[in-house]
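Heads up: the structure comes next, in structure tokens.
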Amino acid sequence: MNRSDPFGRGAPVPSWPPTDSMPFFDTGHNGAGNGGNGYFAGNLFDSSYAAFEPLNMAQAGADAAANAHQTNIGLFDQSATQIAGIGGHGGNGNAALGGSGAFGSFGSDVIATGDNSAGDGGNGYFSGALVHAPVAVFDPVNIAVAGLHGSADAHQSNTVQFHQGATQVAGAGGGGGSGNAAIGGGVSVSGETAAPHSSVELGQPSNHASIGSDAIISGDNHAGNGGDGYFYGSLVHTSFALYDPINIAVAGYNSTAHADQSNNVAFDQTAFQMAGVGGNGGSGNAAIGGDAGALSSILGLIGSDVIATGGNSAGSGGDGHFAGSLVDLNIAIYAPINIAVAGVNSTADAHQTNNVQFDQSAIQIAGIGGDGGHGNAALGGDLVMHMLADAHLLGHA
Numbered sequence: 001m002n003r004s005d006p007f008g009r010g011a012p013v014p015s016w017p018p019t020d021s022m023p024f025f026d027t028g029h030n031g032a033g034n035g036g037n038g039y040f041a042g043n044l045f046d047s048s049y050a051a052f053e054p055l056n057m058a059q060a061g062a063d064a065a066a067n068a069h070q071t072n073i074g075l076f077d078q079s080a081t082q083i084a085g086i087g088g089h090g091g092n093g094n095a096a097l098g099g100s101g102a103f104g105s106f107g108s109d110v111i112a113t114g115d116n117s118a119g120d121g122g123n124g125y126f127s128g129a130l131v132h133a134p135v136a137v138f139d140p141v142n143i144a145v146a147g148l149h150g151s152a153d154a155h156q157s158n159t160v161q162f163h164q165g166a167t168q169v170a171g172a173g174g175g176g177g178s179g180n181a182a183i184g185g186g187v188s189v190s191g192e193t194a195a196p197h198s199s200v201e202l203g204q205p206s207n208h209a210s211i212g213s214d215a216i217i218s219g220d221n222h223a224g225n226g227g228d229g230y231f232y233g234s235l236v237h238t239s240f241a242l243y244d245p246i247n248i249a250v251a252g253y254n255s256t257a258h259a260d261q262s263n264n265v266a267f268d269q270t271a272f273q274m275a276g277v278g279g280n281g282g283s284g285n286a287a288i289g290g291d292a293g294a295l296s297s298i299l300g301l302i303g304s305d306v307i308a309t310g311g312n313s314a315g316s317g318g319d320g321h322f323a324g325s326l327v328d329l330n331i332a333i334y335a336p337i338n339i340a341v342a343g344v345n346s347t348a349d350a351h352q353t354n355n356v357q358f359d360q361s362a363i364q365i366a367g368i369g370g371d372g373g374h375g376n377a378a379l380g381g382d383l384v385m386h387m388l389a390d391a392h393l394l395g396h397a
């Protein structure tokens, strides 16, 4: 076993392990109640086609009567819910604690008791396309034809609903939970008094005062944060609805023709599109960096290049990342036709009643960061250093 210090001098017994003997000491990186990440790469494609085309016709000869009646009730439900690449929500009341470390003279490259997470929402990753493209056709025809001295009646009544709405959600981060705690473990180090006429360099272990660690990390803890949302691609909602009833009554010479049409139609082509949205942060969470305490001689110090007890976050809203397109394209055609034709010295009546509703609204949300929570705490750990004077070293100052 090499018992020489970094300057080639003999080390007293007992000695400490050299720097490369324990390059990494980790009691952190713990997780509790975190939502899982969601990954999606590809396409979700919903294309539906519906056609309703009844035909009703009545035809009478001379001195006859023709009656054509048609009643239609149609419901077209072509709605879609498409969800992809969504991070799970973080749980509530979880705790992730890094273990504490207490050392004398120590030679580790890294001492890590932080990087703990509790109740964080998972990230959502989406790359591809969500497509909803429904097609609906409603085309009834009602015809009554009467000959000479006859009577023709054509009646048509339609009640139709078209539901072509879509809910498309992709690349959204999960919400953070509430009442979680992520705390880095404490690090306590004590060094021995330096030997006479000795010196110590930062980052180098020695037998007289230093832990000689390149990094002491007890921070970077997270609790109740909303996950980030990443979206790359397209959300497409394109709907087509055609409503085209025709009502015709034709009467011959000295006859009577009646054509009546009543329509109640509702077109619902709404869309809700959300992509690349960060999850909201939770409430009542705590992320606290572990304390670092060092006891060393005045020249030994801790010998560490980096001491990190900060970088903690609690209840933060996730970031929203969006690159691509949101497309909502709706086409609705309503074209009823009502015709009554009577011959010479006859009577023709055409009646048409229409009640139509078109709802083609859209809500599009993209690249939005989540809201932060309430009552959260993110605290950096305390750093306490006790420097003990060395009589031999002070005498040569």
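Heads up: the sequence shown begins at 1 in the UniProt record's numbering, then just goes up one per residue. Think of the CB as a built atom: it goes at the ideal place given N, C-alpha and C, for glycine as much as any other residue. Keep in mind it's a predicted model, so treat the numbers as computed, not measured.
Residue nearest to G318 within the set M57, D260, Y230, T353 is Y230 (criterion: CA-CA distance). Nearest C-alpha to V327 among V145, V277, S239, Q59: S239. The secondary-structure analysis by DSSP pairs T167 across a beta bridge with T81, F272. The C-beta distance from G252 to A146 rounds to 6 Å, short enough to fall under 8 Å. Put simply, of A377, D228, A133, D115 the residue whose alpha carbon is nearest the alpha carbon of T81 is A133. Using a C-beta cut-off of 8 Å, the segment 168-179 makes contact with the segment 117-127, since at least three inter-stretch Cβ pairs fall below that distance.
When DSSP states are grouped into helix, strand and coil, D228 belongs to the coil group. Ranked by how close their Cα comes to the Cα of G93, the residues F40, S79, A223 have A223 in first place. With a cutoff of 7 Å on beta-carbon distance, S316 and G281 are scored as near each other. Residues of the same chain with a CB within less than 6 Å of the CB of V135, apart from the 5 flanking positions on each side, are Y49, F240 in chain order. Residue pairing for H69: DSSP places it in a beta bridge opposite H155. Cβ-Cβ distances below 6 Å link I246 to V141, I337 in the same chain, with the five nearest sequence neighbours on each side left out; the list follows chain order.
In this structure, the alpha-carbon of F272 lies about 11 Å from that of A170.
Just so you know, the alpha carbons of Q70 and Q78 end up roughly 25 Å apart.
With a contact defined as Cβ atoms closer than 8 Å, A62 and H149 qualify at about 7 Å.
Under DSSP, V327 shares a beta bridge with V236. Residue environment: D349 is assigned as exposed (fewer than 16 neighbouring CB atoms within 10 Å of its CB, all protein chains considered). The DSSP-derived three-state label of H89 is coil. A Cβ-Cβ contact shorter than 7 Å links I368 with G320. The continuous beta strand (DSSP E) containing L130 extends over residues 124-132. Taking all protein chains in view, the Cβ of L75 is surrounded by fewer than 16 other Cβ atoms within 10 Å, so the residue is classified as exposed. The Cβ atoms of N221 and N285 lie no closer than 7 Å to each other. DSSP, reduced to helix, strand and coil, places V135 within a strand of the structure shown. According to DSSP, residue pairing for G320 in a beta bridge involves G229. Counted as a single uninterrupted DSSP element, the stretch harbouring Q360 is not any beta strand (DSSP E), since DSSP gives it neither H nor E. Under DSSP, the beta-bridge partners assigned to G42 are G128. Rounded to whole angstroms, S325 and Q352 show a C-alpha spacing of 42 Å.
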